[in-house]
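Protein chains in written order, with the working numbering: chain A, 136 to 611; chain B, 158 to 261; chain C, 6 to 216.
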């Protein structure tokens, strides 16, 4: 293998097509093997990026930008690639046990989803990024719709319209950029975009960032997320909540840092304000949610808010960037674990209400432990990755005297504790009533242990924080 | 004002109409059509603005060709979901229950 | 009220953006010139096809993926419980379709061949093929498609697989989709030919699996 960049895109496309041709049983095996290789490739890429200290480039077609399309990998891209494959691999093990040969569409769609995300992380071309956004968006909608119930279809359609409007706004921005500068290569654009650019460029930046925020479900564009993530099958919810929303967030951060940096300074308070609102509103809705998966989905809305707090704090000290990278990793692992654990709870109790997990702790200790560990990360308790992320975020806010942000961050942690303990209290304290136990099924060990592994990783990643921060330094 | 610029301006108008349509309309087929209007508007801007000095530019033409195929795929997907929803519920609207609390 | 507010916002947006478009400087990068300069190495004589399959061929690769993905979703959600009865045949339509379908096949082959040096190519050819299939179905001459068997699946995926295989094969020598100039024309023709068949099947499938 000459260069890991293109293989990270080609491999999932290959196994996705293979899974479509060969059916779910062999498709699952292909997916697991392919994702394992991709994980290895992602680590190899990260090692290459850190030793080089700058971004790696791969000119597709050998032409080089601006005529051709360039792939580029810096530390941030490498981190997200590792996270994506690292979360996907246990989730695919989980999905194989969860679907047990049913849902033939899952494997090809998951393959296209992974290919789209890897391509998105690696692309350095605005129009190519549009195609990858559509690949990710449509695969995600397909995964939500796969269940085929009326509720799931309605959620999928709502999600589809949100994601299509988002990419439509993005596309109009790309059209304006091409019209003004005659290129869509990010490398070529970076020196061209300056603060005295024509108004059309400001429009373009606004349209693209707004479109991506709609795709990331930033408050007030979050309305599609809870039904879509709350209504899909558990492995799908986990993939979407842990990874897919991060893809569009990654792109916002990328564009914010690179071609649009001279323009975005003036409006940096806006994403932070919306992010703060998302933390409070999302947590509040999670506290009030009646269904388990809805609770976890609203928690995603809240946790995404933290990511947007970093924008006014971005600066030479890079503390905010580190906090953002850490939060992406910690939340990705924790949310995948939480949806996986909730999937086990629902499968075993046969119900989806928070009240129905009463007394389940005695019979599902591993799953509940996984849920609790993931909760520790979401609350931001040491030594978890979430703690490190929030610590650095508070540090960055204090350096700039932003006490208002510190209050929001701390309040968000407390609110997260409320909704996590709401579930745990039900599970541990209340006795289970006899009539509920009848319908229960035995838990599948694979499901329980993959959820646990993800949750443990979300806590332990805090101990490997230095490696992650060093990787972020490379060329970002 | 060159013809390219006229196309671009028409594209902006179509895009604005399409976006308003996706946000405001209730019937799923109309929303899907509105989305297509939005896409066509963006394509017109891409083609028209790039060729505003009257010189042909193959790059945006190829991009639009790619974009059209993506839009066709998205439309087909949306229609498939809408038809299935119609088969299940007998209506071409999204259930109102939990929606509309933050729709712009 | 909401209707009015959204319409007003959209109108304001359109007016402001059009105002911004009226006075733009000339682009800093001259891509058409770059395309012109490299045409000889692309293996294609028509600039749009050269951009589509060589300079930005990677976009096209992903886009075929999007199309195949849409088909997979359509297959996953298509309602199959309703029994399909062939539409009542209209003799005029049937006669027309019988005449038109072979001509459309011919037109598709021509479009594929023409793509190398004038407007045309795999997408246009595939769309005409799909239109022929849809026409035959609407005329009651061809049934709607059920769950695809092995052969149909291979046909649907073949174009994408050949494209992927070429991309991966070229990666051994150089960059992703880096055609050696001597082989570029032949490889692109191979991709275009298989894509035509697969795109025709996919586009037809988007209609025929749903109907």
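Even for Gly, the Cβ is constructed at its ideal location relative to N, Cα and C.
Being a predicted model, the structure only gives us computed values, none of them experimental.
Look at the stretch 169-235 of chain A and you find these whole runs of beta strand (DSSP E), each 3 residues long or longer: 191-195, 204-208.
Residue range 215-246 is occupied by the alpha helix (DSSP H) that includes residue 218 of chain B.
Taken in chain order, the complete alpha helix (DSSP H) segments of 4 or more residues contained in the stretch 239-277 of chain A are 241-257. Put simply, the CB of residue 267 of chain A is near chain C, with a gap under 8 Å to one of its CB atoms.
Residue 426 of chain A is bridged by DSSP to A/488. Only buried fits residue 414 of chain A, as 16 or more other CB atoms lie within 10 angstroms of its CB.
Counting along the chain, no alpha helix (DSSP H) covers residue 359 of chain A, and no H or E run does either. Taking the Cα positions, residue 504 of chain A is about 34 Å away from residue 388 of chain A.
Within chain B, no C-beta atom comes nearer than 8 Å to that of residue 114 of chain C; the closest sits roughly 20 Å away. The continuous alpha helix (DSSP H) containing residue 8 of chain C extends over residues 7-26. Put simply, the stretch 281-301 of chain A touches the stretch 175-187 of chain B. At least three CB pairs are less than 8 Å apart.
For residue 320 of chain A, the secondary structure class from DSSP, reduced to helix, strand or coil, is strand.
With its beta carbon at least 8 Å from every one in chain A, residue 95 of chain C lies outside the interface. CA-to-CA, the gap between residue 506 of chain A and residue 257 of chain A works out to about 32 Å. Under the three-state reduction of DSSP, residue 365 of chain A is assigned to helix. Taken through DSSP and simplified to helix, strand or coil, residue 179 of chain C comes out as coil.
Boundaries of the alpha helix (DSSP H) harbouring residue 175 of chain B: 160-181, taken from the DSSP string.
Note that the C-beta distance between residue 393 of chain A and residue 376 of chain A is not below 8 Å. Not a single CB atom of chain A sits nearer than 8 Å to the CB of residue 107 of chain C. Residue range 520-534 is occupied by the alpha helix (DSSP H) that includes residue 530 of chain A. Interface flag for residue 9 of chain C against chain B is unset, since no Cβ pair is found closer than 8 Å. A Cβ-Cβ separation of about 17 Å leaves residue 352 of chain A out of contact with residue 255 of chain A under the 8 Å criterion. Not one beta carbon of chain B lies nearer than 8 Å to the beta carbon of residue 199 of chain C.
In this structure, C/98 is the residue among C/169, C/125, C/98 with its C-alpha nearest to the C-alpha of residue 139 of chain C.
Residue nearest to residue 274 of chain A within the set B/234, B/239, B/244, B/249 is B/234 (criterion: CA-CA distance). From the beta-carbon of residue 243 of chain A, the residues of chain C found nearer than 7 Å are 77.
In terms of Cβ geometry, residue 490 of chain A and residue 585 of chain A do not form a close pair [threshold 8 Å]. For residue 559 of chain A, the enclosing alpha helix (DSSP H) starts and ends at 538-564. Excluding the 5 residues flanking it on each side, residue 189 of chain A has same chain C-beta neighbours closer than 8 Å at 209, 609, 610, in chain order.
For the 8 Å CB-CB criterion, residue 168 of chain C and residue 200 of chain C form a contact. A contact is defined here as three or more CB-CB pairs under 8 Å, and the stretch 178-196 of chain C meets this definition with respect to the stretch 193-206 of chain A. Interface with chain C (8 Å Cβ-Cβ cutoff): residue 226 of chain B is included. Spatial neighbours of residue 178 of chain C in its own chain (CB-CB distance under 8 Å, excluding positions within 5 residues in sequence) are listed in chain order as 185.
Not a single C-beta of chain A is nearer than 8 Å to the C-beta of residue 164 of chain B.
For residue 337 of chain A, the three-state secondary structure derived from DSSP is helix. Apart from the 5 residues on each side of it in sequence, residue 239 of chain A sits with its Cβ closer than 8 Å to the Cβ of 158, 159, 162 in its chain, given in chain order.
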